[in-house]
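Asker: Would you mind keeping the following structure in view while I ask a few things?
Protein chains: 2
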Amino acid sequence: MTVDGQDAAGGGQDRRAFRREGEAQRRADLIGATLALVAEGGLEAATVRAIAARAGVTPGLIRHYFAGREDLIRAAYAQLMHGITDANAQALDAVAGSPEARLAAFVAASLRPPVMALDVVTLWAGFLHMVRRDPRTRAIHAETYHAYRDRLEALIADLPGPEPGQVRALAIAGNAVIDGLWLEGAILPDSFGPDEIARIGLQSVGRIVGADLEGAAIAAGVITA
Amino acid sequence: MTVDGQDAAGGGQDRRAFRREGEAQRRADLIGATLALVAEGGLEAATVRAIAARAGVTPGLIRHYFAGREDLIRAAYAQLMHGITDANAQALDAVAGSPEARLAAFVAASLRPPVMALDVVTLWAGFLHMVRRDPRTRAIHAETYHAYRDRLEALIADLPGPEPGQVRALAIAGNAVIDGLWLEGAILPDSFGPDEIARIGLQSVGRIVGADLEGAAIAAGVITA
DNA sequence: GGCGCAATTGTGCAAGTGTATAATCGCGGC
DNA sequence: GCCGCGATTATACACTTGCACAATTGCGCC
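Going down the list, the protein sequences come from chains A and B.
Quick note: my numbering has the first sequence finishing at residue 225, numbered continuously throughout.
Quick note: my numbering has the second sequence finishing at residue 450, numbered continuously throughout.
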């Protein structure tokens, strides 16, 4: 006997109508909903019910496409990180020119929306504990982190100035400046003028590697004079 | 002392023995347990039961000293941040000497344990969402952040090199380098040699502000040659 | 020594959690 | 048309969560 039942008089409860989307679409919807929730309220806000509601689906469907909540969250993290690095590589490939101009474009792209955004920072922070705990998530982290830094290191190695033995340390330092400015600029956007963070990044990385990145960026039209 | 423990089966269940600690002690214990749990597993790991267990008390006591879980977590965040800035100010006051040496000591102190530690980073990340959501937590954040950066700005202003109009941008950039290196060094400690991060920080901040901080640090005994 | 206060415990509860599984029904293939 | 598969929903369950509140008991004070 069906206990429950708020069957109002007459009709009987009909289950909600739905459409059969493809697997790719549904996975994308669920991952998107997960990212939105983690950005807003951290991992604890990304409950299966909240995710399902945001994706316009019922909770049971999550288990149909993912092994469980943890698996879905891991997939969301992977998509986030790969999205960032892919966008970055794409921005880099679009720029030809001198090594200075290419490095300048790379730096500036990291210090502007959509990469430098509060949502991205809070997402990153929200996933940090999972990176620490889950080996598979940590593998994703290490992979994407090193991909980014290797790209930066290659750009620095192309510069005329640095000696080969210093390139690694310069890449670490440059990466750190970018990370730190990315954090500050995203968390306290009102504390800085438009493109002020990008400009400071170009000046600072430029001084560290011994190149005039700000000038190169202006010449290439990456920022305005 | 009664070694407490559940006496063997049979007897009636007596409630566990306890001691009446002072309010200050109990609050400190609860805050310490909260910080430990957030560092390990994020905010979601800091449940009232887990906190109470770690602090060696029962969950009900939390409500006796704090208005609720959220209030306790806010208090823990305040203690964490004030502890960091206090320790930093103290380390700075202990160093006399040239402006370069003082700035060098300040930079190096931020890029070594106990400040540069994975626990601190994960704590900071764990609280980030609460900073975003809760106005009172955000006030604590802004206060401690600006205290740190103002101190750095004052140190840079004491240097002979920089022009007054540049000090603000230099402080932002220097702070960013420190933040970024702090992140990298804490998250991936195995990727760097001992004091490599501190040395890179001194070189990088030095180039940004136009001073030989590494040399000053070596002269002052802050790092070894 | 014992009284009394309040620090501390224990229990209970309603709401929320992830997951398992049965029941339904959209929709492509015939 | 309609048949059947599987995408999707609905329901159930065991467990955890934060919180309220009464019962207990350590311990300062007379």
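We put the beta carbon where it would ideally sit given N, CA and C, even for glycine.
This one's a predicted model, so the numbers in the text were calculated from it and none came from an experiment.
Using only alpha-carbon positions, find the residue among A:115, A:173 and A:106 that is nearest to residue 151 of chain A.
Answerer: Here the closest residue by C-alpha is A:106.
Asker: By the DSSP assignment, the alpha helix (DSSP H) with residue 152 of chain A in it spans what residues?
Answerer: That run of the alpha helix (DSSP H) goes 135-157.
Asker: Mind listing the chain A neighbours of residue 347 of chain B? Cutoff is C-beta to C-beta under 8 Å, in chain order.
Answerer: What residue 347 of chain B touches in chain A: 128, 129 and 132.
Asker: Run through DSSP, which three-state label would residue 188 of chain A get?
Answerer: Residue state, collapsed to three classes: coil.
Asker: How would you call residue 250 of chain B, buried or exposed, if buried means at least 16 neighbouring beta carbons within 10 angstroms?
Answerer: Its Cβ having fewer than 16 others within 10 Å, residue 250 of chain B is exposed.
Asker: Go through its chain and collect everything with a Cβ distance to residue 159 of chain A's Cβ below 8 Å, but skip five positions before and after it.
Answerer: Cβ within range, chain order: 99, 100, 103, 209, 210 and 211.
Asker: Could you please give the first and the last residue of the uninterrupted alpha helix (DSSP H) stretch that includes residue 295 of chain B?
Answerer: Residue 295 of chain B -> alpha helix (DSSP H) spans 294-318.
Asker: For the alpha helix (DSSP H) that contains residue 99 of chain A, what are its first and last residues?
Answerer: Its alpha helix (DSSP H) spans residues 99-110.
Asker: Output the residue ranges of the alpha helix (DSSP H) runs that lie fully inside the stretch 14-77 of chain A and measure 4 residues or longer, sorted by chain position.
Answerer: 23-41, 48-55 and 60-65, all fully within the stretch 14-77 of chain A.
Asker: Counting only beta-carbon separations shorter than 7 Å, does residue 28 of chain A have a partner in chain B?
Answerer: Answer no: the Cβ-Cβ gap between residue 28 of chain A and chain B never drops below 7 Å.
Asker: Residues of chain B with CB closer than 8 Å to the CB of residue 103 of chain A, please, in chain order.
Answerer: Those do not exist, as residue 103 of chain A stays about 16 Å from chain B at its closest Cβ, beyond 8 Å.
Asker: Note down, in chain order, all residues in the stretch 171-196 of chain A with a beta-carbon under 9 Å from any beta-carbon belonging to chain B.
Answerer: If the cut-off is 9 Å between Cβ atoms, the stretch 171-196 of chain A has 172, 173, 174, 175, 176, 177, 178, 179, 180, 181, 182, 183, 184, 185, 187, 188, 191, 192 and 196 near chain B.
Asker: With 16 other CB atoms within 10 Å as the buried threshold, where does residue 364 of chain B fall?
Answerer: Result: exposed.
Asker: Give every residue of the same chain whose Cβ lies closer than 7 Å to the Cβ of residue 185 of chain A, excluding the five residues on either side of it in the sequence, and list them in chain order.
Answerer: 111, 116, 192 and 197, listed in sequence order.
Asker: Looking only at its chain, what residues have a beta carbon closer than 7 Å to the beta carbon of residue 277 of chain B, apart from the 5 residues adjacent to it on each side?
Answerer: Closer than 7 Å at Cβ, skipping near neighbours: 283, 284, 286 and 287.
Asker: State yes or no: is the C-beta of residue 34 of chain A within less than 7 Å of the C-beta of residue 74 of chain A?
Answerer: No, the Cβ-Cβ distance between residue 34 of chain A and residue 74 of chain A is not below 7 Å.
Asker: Of the residues B:355, B:309, B:449 and B:354, which one's Cα is nearest the Cα of residue 339 of chain B?
Answerer: When each option's Cα is compared against that of residue 339 of chain B, the closest is B:309.
Asker: So what does DSSP say about residue 449 of chain B, is it helix, strand or coil?
Answerer: Three-state result, residue 449 of chain B: coil.
Asker: Among B:450, B:352, B:442 and B:297, which one has its Cα closest to the Cα of residue 254 of chain B?
Answerer: Here the closest residue by C-alpha is B:297.
Asker: The alpha helix (DSSP H) spanning residue 430 of chain B covers which residue range?
Answerer: Run containing residue 430 of chain B: 421-434, per the alpha helix (DSSP H) assignment.
Asker: If residue 316 of chain B and residue 334 of chain B are in contact, beta carbons under 8 Å, what's the gap, nearest whole angstrom?
Answerer: Right, the Cβ-Cβ distance comes to about 5 Å (below 8 Å), so this counts as a contact.
Asker: Quick one: what does DSSP say residue 212 of chain A is sitting in, helix, strand or coil?
Answerer: Residue 212 of chain A falls in the coil class under three-state DSSP.
Asker: Assuming residue 180 of chain A and residue 205 of chain A form a contact by the criterion Cβ under 8 Å, report the distance between their Cβ atoms to the nearest whole angstrom.
Answerer: Residue 180 of chain A to residue 205 of chain A, Cβ: 11 Å. No contact.
Asker: With C-beta atoms as the reference, is residue 354 of chain B less than 7 Å away from residue 42 of chain A?
Answerer: Yes, the Cβ-Cβ distance between residue 354 of chain B and residue 42 of chain A is below 7 Å.
Asker: Using DSSP with H/G/I as helix, E/B as strand and the rest coil, what is residue 120 of chain A?
Answerer: It is helical.
Asker: Counting only beta-carbon atoms, is residue 206 of chain A nearer than 7 Å to chain B?
Answerer: For residue 206 of chain A, the answer is no, since every Cβ of chain B falls outside 7 Å of its Cβ.
Asker: Is there a Cβ from chain A that is less than 7 Å from the Cβ of residue 248 of chain B?
Answerer: Judged by the 7 Å Cβ criterion, residue 248 of chain B is not in contact with chain A.
Asker: Alpha carbon to alpha carbon, what distance is there between residue 366 of chain B and residue 360 of chain B?
Answerer: Distance between the alpha carbons of residue 360 of chain B and residue 366 of chain B: 10 Å.
Asker: From the beta carbon of residue 309 of chain B, is the nearest beta carbon of chain A less than 7 Å away?
Answerer: Residue 309 of chain B does not count as touching chain A.
Asker: Taking 7 Å as the CB-CB limit, is residue 229 of chain B close to chain A?
Answerer: Note that residue 229 of chain B scores 37 on pLDDT, short of 50, meaning its location in the model is unreliable and no value can be drawn from it.
Asker: Going straight from the alpha carbon of residue 293 of chain B to that of residue 38 of chain A, what length do you get?
Answerer: Taking the straight line joining both Cα atoms gives about 23 Å.
Asker: Taking the alpha-carbon positions, what's the residue 94 of chain A to residue 378 of chain B distance?
Answerer: Near 38 Å, if we compare the C-alpha coordinates of residue 378 of chain B and residue 94 of chain A.
Asker: Is residue 5 of chain A helix, strand or coil by DSSP?
Answerer: Residue placement at residue 5 of chain A cannot be trusted, given a pLDDT of 36 that sits under 50; the coordinates are not used to answer.
Asker: Nearest CA to the CA of residue 401 of chain B: which residue from A:166, A:203 and A:47?
Answerer: Answer by Cα proximity: A:203.
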